[in-house]
Amino acid sequence: MIAGAVAAGAALVVFALASGGRSSAAAGSTGAGATAAVVRTTLAAQEQVAGTLERAGSCTLVSQQSAGTVTELPAPGAVVGRGEVLYWVDGEPVRLLYGTQAAWRTLAVGVSEGTDVLQLKRNLRALGFTADGALKVNDEFDWATAVAIEQWQRAQRAAQTGVLPLGSIAFLPGTVRVTAQLALPGDPALPGTQVLGLSSTDLAVSVPLDPSLRQLVRVGDRVQIQLPEGQTTPGRVIRIGAGATAETGQTSSARSGSAGAGAAAQAGSSSAGGAQAGGGPSPTVPVMISLDRPSDARGLDQVPVEVLITDTVHRGVLAVPIAALLALAGSGYAVAVDEGGTRTLMPVTPGIFDGNLVEVSSPRLRAGMRAEVPSS
23 MIAGAVAAGA ALVVFALASG GRSSAAAGST GAGATAAVVR TTLAAQEQVA
73 GTLERAGSCT LVSQQSAGTV TELPAPGAVV GRGEVLYWVD GEPVRLLYGT
123 QAAWRTLAVG VSEGTDVLQL KRNLRALGFT ADGALKVNDE FDWATAVAIE
173 QWQRAQRAAQ TGVLPLGSIA FLPGTVRVTA QLALPGDPAL PGTQVLGLSS
223 TDLAVSVPLD PSLRQLVRVG DRVQIQLPEG QTTPGRVIRI GAGATAETGQ
273 TSSARSGSAG AGAAAQAGSS SAGGAQAGGG PSPTVPVMIS LDRPSDARGL
323 DQVPVEVLIT DTVHRGVLAV PIAALLALAG SGYAVAVDEG GTRTLMPVTP
373 GIFDGNLVEV SSPRLRAGMR AEVPSS
């Protein structure tokens, strides 16, 4: 039945792309009943895919000391930020600094230029240790770098050497939450010893994307995320996997809007996966999405969400409320237009759906007309 197809279209979940603001379908009352304005606007059809709201990343922290004994560990749930202590070896702290390249050598005057030096200097500046303004943020370890380290060490009431031995700091991308103690006080702190399980404190959405939808997604794309209680919050695609991988779990997608229908040595990443309805593995493309407003998802973790990815955008088209579409006997659709108190049935061709609006085209239809809608 055509009427059934219209009802199904109305049930699709989509969102608008505002372009100069969408004109609301303001209802009025005429002799023909309630009406709504025919508007010219921008509509967008979207794909709805399943994802998981989770911590943005996880890793395992390993020891880099040549020898020693683990003496103290933070409790699971502890949050560690820049410059704070991750754990202790022989009573000496191992501190967190921000950076994506792993610490791999002792840092002191005489070392070659490198990304690790650049990361160190960025952290020293962020912590407020600048050798009285002489520190220049670049990849060269100079005398000002050593002085800034001494200032930091003085603030920690540690020996002021201007040197950071390998194992005394760990570079990680940001603030972390301790998820597990993988070592115990008294364990040897040898190179490669697993010490802590860590996760990011940031929330993100992981989507095991069907490869057929890969062309719809690019890094930087804006998306909408539907949270479990129905609230919608904006997000941005921040990472896309290189290719499809077989994953287990559950994935789904629903097409909507159609009228016809690291630290290398220290961290290991986690990913979500999908599977076909039968439970077997299916290839997916891992996509990671950041939240523009993390506070919208405060208190949530490891929960299913829906992500709306823009598929098709039609700009400057005529649109009416979906409820204004009338199924004609036999086939086709029409809109009942109030023209000066006269009810005129205008055949229209539906386009994409977007929220409660549907794109319509007709040689006689124009913006500003009043389309008849059911009275509420």
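Heads up: the sequence shown begins at 23 in this note's numbering, then just goes up one per residue. Glycine residues also receive a C-beta, built at the ideal position from the N, C-alpha and C atoms. Remember, it's a predicted structure, so these values are computed and weren't measured experimentally.
C-alpha of L142 to C-alpha of R117: approximately 12 Å in a straight line. Here A67 is buried, its C-beta having at least 16 other C-beta atoms within 10 Å. Annotated as proximal: V60 and V342, with beta-carbon spacing under 8 Å.
Rounded to whole angstroms, the separation of the alpha carbons of E251 and D209 is 45 Å.
Just measuring C-alpha positions, the residue of T364, V370 and T334 sitting nearest A349 is V370. A389 counts as exposed, since fewer than 16 other beta carbons sit within 10 angstroms of its beta carbon. Out of L212, V217, G214 and M310, the CA that lies nearest to the CA of R258 is found in M310. Counted as a single uninterrupted DSSP element, the alpha helix (DSSP H) harbouring Q175 occupies residues W165 to A177. A distance below 6 Å between beta-carbons, with the five flanking residues on each side excluded, links Q87 to the following residues of its chain, in chain order: V111, G189 and A211.
In this structure, V217 places its C-beta atom within 8 Å of the C-beta atom of L204.
Inclusion of A125 and A192 in the CB contact set at 8 Å is warranted, their separation being smaller than that value. Look at the region 112 to 152 and you find these whole runs of beta strand (DSSP E), each 3 residues long or longer: 114 to 120. Taking C-beta separations shorter than 6 Å and ignoring five residues to either side along the sequence, the partners of T137 in its chain run Q123, following chain order.
Around the beta carbon of G73, 16 or more other beta carbons lie within 10 angstroms, which makes this residue buried. Beta-bridge pairing by DSSP links A393 to A58 and V359.
When the alpha-carbon of T183 is set against those of V159, G214, E162 and T128, the nearest one is in T128. An exposed status is given to P326, since fewer than 16 other beta-carbon atoms sit within 10 Å of its beta-carbon.
Residue pairing of I344 in beta bridges, as defined by DSSP: absent, with no partner found.
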